[in-house]
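Keeping their order, the protein sequence lines are chains X and W. FYI, the numbering for the first sequence is 1 to 232, going by UniProt numbering. FYI, the numbering for the second sequence is 1 to 202, going by UniProt numbering. For reference, the structure discussed in these notes is given below.
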Amino acid sequence: MTAEDWAIVHLSLKVSAVAVGGCLPLAFALAWVLARGKFAGKVLLDALIHLPLVLPPVVTGWMLLIAFGPQGPVGSWFESALGLTFMFRWTGAALAAAVMALPLMVRAMRLSIEAVDLRFEATAMTLGASRWRVFRTITLPLALPGVVAGAVLGFARSLGEFGATITFVSNIPGETQTLPLAIYSALQVPGGEAAVTRLAGISVALSLAALVVSEVLARRMARHMGKSAHVL
Amino acid sequence: MSFEISVSRRLGDTLVQCAFVADAGLTALFGPSGAGKTSVLNMVAGLLKPDEGRIVVAGEVLFDSTSGTDISVQARRAGYVFQDGRLFPHMRVRDNLLFGSSDDGLMSLADAAEFLGIGHLLDRWPRTLSGGEAQRVAIGRAMLSNPRFLLMDEPLAALDRARREEVMRTIERLRDELGLPILYVSHDRAEVKRLAGHIVEI
């Protein structure tokens, strides 16, 4: 592996970690609302969250460009309020990855929240626990394997994000050129096969490692709970 | 009077209705499966809201539909022992026992462990316990939550004969030594005859 390869891997990991870390609270909140909430428009919210999963990624990227560009309604607010810009920046790559990973994360977390036995929560309440304590000591720990699974799935998905990223923040080496984008560039260059092979190999290894780690974690956490948890 | 209960609640097509007054000691709700015995316990615990009625335990009004009184589950301080024990699977026995405990409680962890003979189980995970052990831990957890009364929902139903005897003796000692009002649900006539001072058919 060359120094350039390492830089690409480093950028990819940074983008994915920020994407998952940043949207984890939002993903959990949405999963909670979908699992437990009763309100009109739930189906619509569900569909909106899942939209990036079925929309052509180039459309998602274009919509991010419109909304989060310097002149966009959201982008201009971020720039003036927080000094945060997304266009042609690695932060934009993280945002695109987060939007694409969100449906997978919400899905995994929602299933795990729905699987929490409500009778344990009722039991805790008879023992005097407030709603917040029930959430902290019963619901969250019991749902944790699914939360971890969702985060790792989101991370793996972020590592592979291509279409929305290249549309939104372009393909700038050292700034927005993550692994898939670097592979795409190398494919355009005559004699780039060696680089493609190396980078593709790294991609496979990283994704595989993420999935194996999450499976092991989920199993370890589920061992005491008398139920099986699987990511795969 | 330890229990003065008169409640009704519609659940789907069935109407759960129950009214009785009982003295201290162990009162059994006796009847076939599906009669709504567990629903009555849930209403007394505060987990299920009656459509109308009145629930008074040991002189305190917990629910009254005419005055709009509805004490929260947490504040009712029912020691609820469920049929399946319902120990929290992600906590060791010690943490299960201490979940609802307070410093000014009825008894300490050591006292409860001694009373129930579960001192050697404190570091075990619930999934490694036998049915009888799990049920005794569940009783301990309810006792340590400093309850004002106990609700027991077929605590012997999931146990084999030897374990039933062991848990039954524990319940008799609870009844005789702690002096807490106990509302006990069962569909087993022999069990109810042996334990209860007062039987309510439902």
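Glycine included, C-beta positions come from ideal geometry on N, C-alpha and C.
Next item on the list: Please list the partners that residue 203 of chain W has in chain X, where partner means a Cβ-to-Cβ separation under 7 Å.
Entry: What is shown of chain W runs 1 to 202, which leaves residue 203 of chain W out entirely.
Next item on the list: Tell me whether W/S8 sits in a helix, a strand or coil according to DSSP, three-state version.
Entry: Translated into the one-based positions of the second sequence, residue 8 of chain W becomes position 8. For W/S8, the secondary structure class from DSSP, reduced to helix, strand or coil, is strand.
Checklist line | Contact list for W/F88 against chain A, beta-carbon separation under 9 Å | finding: Looking for chain A here will not work: the only protein chains present are X and W.
Checklist line | Per-residue burial, X/Q188 [other beta carbons within 10 Å of its own, 16 or more giving buried] | finding: Locating residue 188 of chain X in the first sequence gives position 188, counting from the first residue. So X/Q188 ends up on the exposed side.
Next item on the list: Tell me where the alpha helix (DSSP H) around X/Q177 begins and ends.
Entry: As a working mapping, residue 177 of chain X is identified with position 177 in the first sequence. From DSSP, X/Q177 is part of no alpha helix (DSSP H); its letter is neither H nor E.
Note to self: Give me, in chain order, the residues of the same chain whose beta-carbon lies closer than 8 Å to that of X/L104; leave out the 5 immediate sequence neighbours on both sides.
What the structure shows: Along the first sequence, one-based indexing puts residue 104 of chain X at 104. The beta carbon of X/L104 is closer than 8 Å to those of L53, G150, L153, G154 and R157 in its chain, skipping five residues each way along the sequence.
Notebook entry, point to check: Shortest alpha-carbon distance to W/V192 belongs to which of W/G31, W/E166, W/D64 and W/Q74?
Noted result: One-based indexing of the second sequence puts residue 192 of chain W at position 192. Closest by alpha carbon: W/G31.
Notebook entry, point to check: Would the beta-carbon of W/A113 fall within 9 Å of that of W/G105?
Noted result: By one-based count along the second sequence, residue 113 of chain W stands at place 113. By one-based count along the second sequence, residue 105 of chain W stands at place 105. Contact annotation: W/A113 and W/G105 have beta-carbon atoms that are not nearer than 9 Å.
Next item on the list: Express the C-alpha separation of X/A209 and X/M221 in angstroms, rounding to a whole number.
Entry: Indexing the first sequence from 1 puts residue 221 of chain X at position 221. Indexing the first sequence from 1 puts residue 209 of chain X at position 209. Computed Cα separation, rounded: 18 Å.
Notebook entry, point to check: How big is the Cα-Cα spacing for W/V16 and W/G36?
Noted result: Here residue 16 of chain W refers to the residue found at position 16 of the second sequence. Here residue 36 of chain W refers to the residue found at position 36 of the second sequence. Straight-line Cα distance between these residues: approximately 6 Å.
Item checked: Three CB pairs or more closer than 8 Å across the stretch 111-128 of chain X and the stretch 175-187 of chain X -> Between the stretch 111-128 of chain X and the stretch 175-187 of chain X, the count of Cβ pairs shorter than 8 Å is below three; the stretches do not touch.
Margin query: Just list the residues that DSSP pairs W/G79 with in beta bridges.
Written below: Residue 79 of chain W sits at position 79 when you count from the first residue of the second sequence. DSSP lists W/L150 as partners of W/G79.
Next item on the list: Express the C-alpha separation of X/K14 and X/A94 in angstroms, rounding to a whole number.
Entry: For the purposes of this step, residue 94 of chain X is taken as residue 94 along the first sequence, with counting starting at 1. For the purposes of this step, residue 14 of chain X is taken as residue 14 along the first sequence, with counting starting at 1. For X/A94 and X/K14, the distance between alpha carbons rounds to 8 Å.
Margin query: Using a Cβ distance threshold of 8 Å, determine whether the stretch 178-196 of chain W contacts the stretch 153-160 of chain W, with at least three qualifying pairs required.
Written below: Cβ pair count under 8 Å is three or more, so yes.
Next item on the list: Keeping to the same chain, check which residues put their C-beta closer than 8 Å to that of X/N171; ignore five residues upstream and five downstream.
Entry: Within the first sequence, residue 171 of chain X is the residue found at index 171, counting from 1. Taken in chain order, the residues that qualify are Q177, L181, Y184 and S185.
Item checked: Residues in the stretch 171-199 of chain W having any Cβ partner in chain X nearer than 7 Å -> Cβ contacts with chain X: none found.
Check: Taking C-alpha atoms, which residue in W/T69, W/A134 and W/G140 lies nearest to W/R163?
Finding: Stepping through the second sequence from its first residue, residue 163 of chain W is reached at position 163. Looking at the Cα atoms, W/A134 is the closest of the given residues.
Next item on the list: Give the DSSP bridge partners of W/S186, in chain order.
Entry: The residue given as residue 186 of chain W occupies position 186 in the second sequence. For W/S186, DSSP records a beta bridge to W/F30.
Check: Who are the Cβ neighbours of W/P181 in its own chain at under 7 Å, not counting the five residues just before and after it?
Finding: On the second sequence, residue 181 of chain W is found 181 positions in, with the first residue counted as 1. Within its own chain, the residues whose Cβ lies closer than 7 Å to the Cβ of W/P181, once the five positions on either side in sequence are excluded, are S2, F3, A24, V57, A58 and F149, listed in chain order.
Check: Which stretch, first to last residue, makes up the beta strand (DSSP E) that contains W/A22?
Finding: Against the second sequence, residue 22 of chain W aligns to sequence position 22. For W/A22, the uninterrupted beta strand (DSSP E) segment begins and ends at T14 to A22.
Notebook entry, point to check: For the ligand NAP, is there a heavy atom less than 8 Å away from the beta-carbon of X/R110?
Noted result: For the structure depicted, the ligand NAP is absent and the ligand set is empty, with no information on it obtainable.
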